[in-house]
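219 is the number that the UniProt record's numbering gives the last residue of the sequence shown; the numbers go up by one with no jumps. Scroll down for the structure; my scribbles are underneath it.
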Amino acid sequence: MPDRRMIERNSEIQKHRCMARTKRAPAGAAKAKRLDATAWVDAGLDLLARAGVEAVRIDELARVLTVTKGSFYWHFEDRAHLLRSMLDQWRRKATLAVIERVESSGSPAQRLRELLELPVRASGTKRGQNLELAIRLWANHDPGAAAAIEEIDQHRLSYVASQLRASGVPDARVGARAFLLYAFVLAESFISPAAASPVVTSAALKRLGNELIESDISL
1 MPDRRMIERN SEIQKHRCMA RTKRAPAGAA KAKRLDATAW VDAGLDLLAR AGVEAVRIDE
61 LARVLTVTKG SFYWHFEDRA HLLRSMLDQW RRKATLAVIE RVESSGSPAQ RLRELLELPV
121 RASGTKRGQN LELAIRLWAN HDPGAAAAIE EIDQHRLSYV ASQLRASGVP DARVGARAFL
181 LYAFVLAESF ISPAAASPVV TSAALKRLGN ELIESDISL
């Protein structure tokens, strides 16, 4: 027999979709009514970065986007579906898109220096830093978020290691250096600008990059 809770949930989804079809939108909301799934995901990520995962609620997102909650159910089964989609988009933008961008920087050593300077040079840095921190906090009590963090950390570390190896760093030293470089970039993101600015200068980042990349430097 069909699961009763599944039947009730499907009924609720259909009800919201029906309301979305029949209810007249208020003046000024027609444009918002045509929002796609990405708009909901982006709004969810913005809210997550500002206030944490507990603040990401369907009713609050509908208010921010000036649409009915019924509009949400055109794209997502429930809040959990939205949260999974948010993690998927974060994976793409926070790692895959970043790697794609630095790949155009030239040599492997230049790519590593580009990564070192990302926290202080990239546009939208503060929002990205807040989002990363919010997801790491979320991962402390959610298996899905924890799995996403583990996957992202492994992917980033693997990429850094590949660039160090391509720069001539011996295999025996690649793992430790990749971890040190990645840990530096994360710490650089979370330390306050006032505390970091006397230390984290462009010249200092270049020196650090050289020290990590030069194959005759031991850790």
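Beta carbons: idealized from backbone N, C-alpha and C, even for Gly.
message: Is the separation between the beta-carbon of P119 and that of L164 shorter than 9 Å?
response: no
- prompt: The alpha helix (DSSP H) with V98 in it runs from where to where?
  reply: 97-102
message: Please tell me whether K69 and A80 are closer than 9 Å, where the distance is taken between their beta carbons.
response: no
query: Three or more C-beta pairs closer than 8 Å, one from the stretch 75-94 and one from the stretch 46-60: is that the case here?
result: yes
- prompt: Distance, Cα to Cα, T201 vs G168?
  reply: 26 Å
query: Hey, which unbroken runs of the alpha helix (DSSP H) at 4 residues or more fall wholly within the stretch 123-205?
result: 125-139, 143-166, 171-190, 193-196
query: Leaving out the 5 sequence neighbours to the left and right, which residues in its chain are closer than 8 Å to L35 when beta-carbon positions are compared?
result: L65, V67, S71
message: Contact between the stretch 176-184 and the stretch 128-148 is defined here as three or more beta-carbon pairs at a separation below 8 Å; is this criterion met?
response: no
- prompt: Considering only C-alpha positions, which residue in the set L96, N140, L186, A146 is nearest to E117?
  reply: L186
message: Short of 6 Å in beta carbon distance, which residues of its chain neighbour V53, apart from the five on each side in sequence? Order them along the chain.
response: W138
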